[in-house]
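First to last, the sequence lines map onto chains A and B. Here the first sequence stands for residues 116 to 398, numbered as in this note's numbering. Here the second sequence stands for residues 110 to 451, numbered as in this note's numbering. The beta carbon of each residue, even a glycine, is placed where N, CA and C say it ideally should be. See below for the structure under consideration.
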Amino acid sequence: MDAAATASRSAGWFAQARTWWTMLRLSLEERLVYRGDFALGTFMRFLPIVTQIFLWAAIFAANGDRPIAGYSYPDFVAYYLLTMISRAFSSMPGLSTNIALEIRNGGVKRYLIQPIDMLGFLFLQRLAHKLVYYAVACVPFAIVFFLCRGFFPGWPSLEVLAAYLLSLVLAFVLGFFLEATLGMIGFWFLEVSSLFFVYMLFNFFCSGHMFPIDMLPGVWKTLVSSTPLPYLAYFPAAVFLGKIQGAELVNGLIIELAWVIFFMVLSRVVFTQGVRRYSAFGG
Amino acid sequence: MAIIEIHGLAKSYRVYQKKEGLLASLSGLWRREYREVHAVRGIDLAVEQGEFVAFLGPNGAGKTTTLKLLSGVIHPTAGTAQVMGFVPWKRENAYRRRFALVMGQKNQLWWDLPAQESFRLHQQIYRIDPASFARTRDELVDLLDVRRLLAQPVRELSLGERMKMELIAALLHSPEVLFLDEPTIGLDVVAQHNIQRFLRHYQQLRQITILLTSHYMKDVVALCRRVVIIAHGEVVYDGSLAGITDRFSDHKIVSLQFSGDSLPPNLANYGEVLEANPPKARLRVSRAVVPVILSRLLAEQTIEDVSVEDQPLEEVIAAMFLTIKGQNQPPADAAAALSASR
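Below you can see the structure in the form of structure tokens.
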């Protein structure tokens, strides 16, 4: 009896894994349809960084090339290039908007009718998008980093590199569940684009995308650091640059993981509540 | 026991009442008036396994809301429903694997990929074993004659072809109960006919239970023996298609062909002249007096050909919808319910 139950459970897991694999494969195929848009999108990502590098070059020139808040000019360039990598993991273009849109136009019904979990499905779809993106983007990224190698202090140690990779993977998961939760606010409000805009603005400043978080004065730094946003860009970059080390690094990773779990649970709760509301009011 | 059992099923929505104009929009920012809309108000229905039932009714009558309740997308305000022993709005996976809902205007296929890829995903989602998946797919593909389109991205298919693919996707897991919401909406006559022929054949073959809503009477005539007419969220008729005419139409159409090139001048004495096209004419004659009128016609006129038909079903139903609208309930109520439910 127990053996049979175990066998059927493992068969269930196997079937689940196959479902996920099919979803992942389909998302990959779908992603590869629009080659042109894709290639262009990959290259355009580098443009904002170029303007930021020029901006800071001008600031440093005016400042007599003295370090600003502990960052020299090469530090800044290295930091910006690294936040690009962070964001390649953590940013989820269109995720919340699409969830809100599907709630609004009724597309979300299919997750209520078919035996398929919305969050799991979207996660795999996003994973596929990212995998395809890395496969294509790794070449231009490698070229840029090679050309800019002079700005970096050198390769970090293996442990730091491992922590860095872990922080990137967690940044991906955190980014997904955070933005998915945000998108599901659409269950309560029909129009959410302004809300998303405000979030993007906060994200831009508080994630460290605009400037390193540790440049902020005391209380602001504490405030921003107590949000999950720095883990989306600043934290991985700072880990790579060796600005966060030892116990502080371990703590940082634990807090990042805690945020991941928090948003995984929150997204599930919001989904359940949202669907309850949806079936009561709309549908 | 019936495969679908509905008792006192009701669904009300609260809709925001916005008055006209900018000022009203501004006051709507802090104080909003809501109105209760009763989309479905107490439906009782039992459907046996293997039945093909049509839901008819004016726009916003509650047909789609009923289908949404039965597929578990929405919760009822009151009442109970069981489909194959499941309570739909509990949304158990075991239930989800045994029914399908096809909405004419909604797309469940992957837009940029060939349909066969979406089918593959459905195989996984519904846990269809490979052998029966291949068998069902081939059967459906041949019945609908779409084999050559399988490898084409869905976005490049015509509306009719896409609908066929939607149906295949919905039927791959061999659902025992199928809900069809306007499956032929927007299709041309040929495509409509193809879908009808397929549905009729498939339903007879598999003896599945189908609930259909449609605005095309042709769909209903071709497919369903039993018709449930819903208006203002209530069942106003439940019975055979022929019974609708018996119950709601008190007229017959008499078509005449007179000898010679002209029509008798006193034609209107026999009935309401619908069409005068010498030497032919069509008259609307009250059911009760048809025999009398016919014998008078034959006695008093020289007639070459005569036929008596029921009033066309479309007209009967249109007239019935009109009378329903004329009753106490304002029709806007139901229309608002529909828009709220989207």
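Under 7 Å by beta carbon: chain B residues contacting residue i
i: Thr137 (chain A); result: Arg229, Leu230, Gln233
i: Ala395 (chain A); result: His184
i: Val148 (chain A); result: Asp221
i: Ala130 (chain A); result: Arg236
Length of the line joining the Cα atoms of residue i and residue j
i: Ala397 (chain B); j: Asp359 (chain B); result: 8 Å
i: Ala187 (chain B); j: Tyr204 (chain B); result: 21 Å
i: Ser341 (chain A); j: Ser267 (chain B); result: 53 Å
i: Gly171 (chain B); j: Glu291 (chain B); result: 13 Å
i: Leu289 (chain A); j: Gly151 (chain B); result: 46 Å
i: Val69 (chain A); j: Phe319 (chain A); result: What is shown of chain A runs 116 to 398, which leaves residue 69 (chain A) out entirely.
i: Leu364 (chain A); j: Ser180 (chain B); result: 50 Å
i: Ala449 (chain B); j: Phe396 (chain A); result: Legend: pLDDT at Ala449 (chain B) = 38, less than 50; position of this residue unreliable, no value from coordinates given.
i: Pro262 (chain B); j: Gln301 (chain B); result: 22 Å
i: Ala102 (chain A); j: Met159 (chain A); result: Within the shown structure, residues of chain A are numbered from 116 to 398, placing residue 102 (chain A) beyond reach of any answer.
i: Ala443 (chain B); j: Tyr125 (chain B); result: Only weak support exists for where Ala443 (chain B) lies, its pLDDT of 42 falling under 50; the coordinates are left without a value.
i: Pro439 (chain B); j: Gly169 (chain B); result: Confidence at Pro439 (chain B) is low in this model, with a pLDDT of 45, below 50, so its placement is unreliable and the value that follows should be read with caution. Cα to Cα, Pro439 (chain B) sits roughly 12 Å from Gly169 (chain B).
i: Gly301 (chain A); j: Leu314 (chain B); result: 43 Å
i: Ala340 (chain B); j: Tyr346 (chain B); result: 9 Å
i: Phe357 (chain B); j: Met272 (chain B); result: 34 Å
i: Leu308 (chain B); j: Leu281 (chain B); result: 14 Å
i: Ala163 (chain B); j: Val337 (chain B); result: 6 Å
i: Pro387 (chain B); j: Gly166 (chain B); result: 38 Å
i: Val329 (chain B); j: Arg306 (chain B); result: 12 Å
i: Leu249 (chain B); j: Ile277 (chain B); result: 6 Å
i: Phe228 (chain B); j: Gln388 (chain A); result: 31 Å
i: Leu293 (chain A); j: Phe378 (chain A); result: 6 Å
i: Ala148 (chain B); j: Asp152 (chain A); result: 45 Å
i: Phe175 (chain A); j: Pro230 (chain A); result: 58 Å
i: Leu246 (chain A); j: Ser206 (chain A); result: 13 Å
i: Leu321 (chain B); j: Asp297 (chain B); result: 19 Å
i: Leu138 (chain B); j: Lys127 (chain B); result: 10 Å
i: Ser309 (chain A); j: Thr296 (chain A); result: 16 Å
i: Gly269 (chain A); j: Gly209 (chain A); result: 35 Å
i: Ala133 (chain B); j: Glu145 (chain B); result: 20 Å
Proximal residues to residue i (C-beta, below 8 Å), its chain only, five neighbours per side dropped
i: Val380 (chain A); result: none
i: Val303 (chain A); result: Checking the sequence, you will find Trp at residue 303 (chain A) rather than Val. Correct list, in chain order: Gly389, Arg392.
i: Met274 (chain B); result: Leu218, Ala224, Ser227, Val255, Leu258, Val263, Leu266
i: Gly369 (chain B); result: Pro388, Thr411
Other residues of its chain near residue i: CB distance less than 6 Å, five sequence neighbours each side excluded
i: His324 (chain A); result: Thr198, Ala348
i: Val417 (chain B); result: Lys361, Val363
i: Arg202 (chain A); result: Ala348
i: Thr189 (chain B); result: His116
i: Gln312 (chain B); result: Phe161, Ile319
i: Tyr194 (chain A); result: Pro327, Ala352
i: Ile433 (chain B); result: Ala340
i: Trp198 (chain B); result: Gly181, His184
Chain-ordered neighbours of residue i on chain B, where CB pairs are closer than 8 Å
i: Ile231 (chain A); result: Ile234
i: Glu144 (chain A); result: Leu222, Glu226
i: Arg133 (chain A); result: Gln233
Residues near residue i by beta carbon distance below 7 Å, same chain, minus five either side
i: Leu139 (chain A); result: Leu239, Leu242, Ala243
i: Thr354 (chain B); result: Asp419, Gln420, Leu422, Val425
i: Met116 (chain A); result: The predicted model places Met116 (chain A) with a pLDDT of 46, which falls under 50 and marks its position as unreliable; any figure quoted below should be read in that light. Cβ within range, chain order: n/a, list empty.
i: Leu216 (chain A); result: none
i: Lys120 (chain B); result: Ala148, Val149, Thr174, Leu178, Ile183, Pro185, Thr186
i: Ala111 (chain B); result: Ala155, Val156, Glu157
i: Ile359 (chain A); result: Ala353, Gly367
9 Å Cβ cut-off: residues of chain B touching residue i
i: Ala243 (chain A); result: None at all; the shortest Cβ gap to chain B is about 12 Å.
i: Leu141 (chain A); result: Trp219, Leu222, Glu226, Ser227, Arg229, Leu230
Proximity test, residue i beta-carbon vs the ligand PLP heavy atom, cut-off 7 Å
i: Leu131 (chain B); result: The ligand PLP is not part of this structure, which contains no ligands at all.
Residues that residue i contacts on chain A, provided the C-beta gap is smaller than 7 Å
i: Leu210 (chain B); result: Ile228
i: Lys452 (chain B); result: Nothing can be reported for residue 452 (chain B), as the shown portion of chain B is limited to 110 through 451.
Neighbour list for residue i in chain A, Cβ cutoff strictly below 8 Å
i: Arg205 (chain B); result: Ile228, Gln229, Pro230
i: Trp198 (chain B); result: Ser394
Problem - Inside the segment 310-396 of chain A only - beta strand (DSSP E) runs reaching at least 3 residues - result: With a minimum length of 3 residues, no continuous beta strand (DSSP E) run stays inside the segment 310-396 of chain A.
Problem - Contact list for the segment 200-228 of chain A against chain B, Cβ threshold 7 Å - result: Those would be Gly221, Lys224, Arg225, Leu227, Ile228, in chain order.
Practice task
Enumerate, from N- to C-terminal direction, the unbroken alpha helix (DSSP H) stretches of 4 or more residues contained entirely within the segment 311-346 of chain B.
Solution key: With a minimum length of 4 residues, the continuous alpha helix (DSSP H) runs that stay inside the segment 311-346 of chain B are 326-332.
Handout entry: Unbroken stretches of the alpha helix (DSSP H), 4 residues or longer, contained in the segment 165-198 of chain B
Key = Complete alpha helix (DSSP H) runs here, min 4: 172-179.
Practice task
Note down, in chain order, all residues in the segment 118-135 of chain B with a beta-carbon under 8 Å from any beta-carbon belonging to chain A.
Solution key: Going along the segment 118-135 of chain B in chain order, one finds Tyr122, Arg123 with a Cβ nearer than 8 Å to chain A.
Exercise for the section: Please name the residues in the segment 159-184 of chain A whose beta-carbon is closer than 9 Å to at least one beta-carbon of chain B, in chain order. Expected result: Along the segment 159-184 of chain A, none of the residues has a CB nearer than 9 Å to a CB of chain B.
Practice task
Pick out the complete beta strand (DSSP E) segments inside the segment 120-159 of chain B, 3 residues or longer, and give them in chain order.
Solution key: Taking only runs of at least 3 residues, the beta strand (DSSP E) segments lying wholly in the segment 120-159 of chain B are 142-156.
Handout entry: Segments assigned alpha helix (DSSP H), at least 4 residues, entirely inside the segment 227-284 of chain B
Key = Runs of the alpha helix (DSSP H) inside the segment 227-284 of chain B: 239-253, 268-280.
Problem - Interface residues of the segment 155-184 of chain B facing chain A [CB-CB below 7 Å] - result: So the list reads Lys177, Ser180, Gly181, Val182, Ile183, His184, given in the order they occur along the chain.
Handout entry: Those runs of the beta strand (DSSP E) which lie wholly inside the segment 207-247 of chain A and span at least 3 residues
Key = The qualifying runs do not exist here; there are none.
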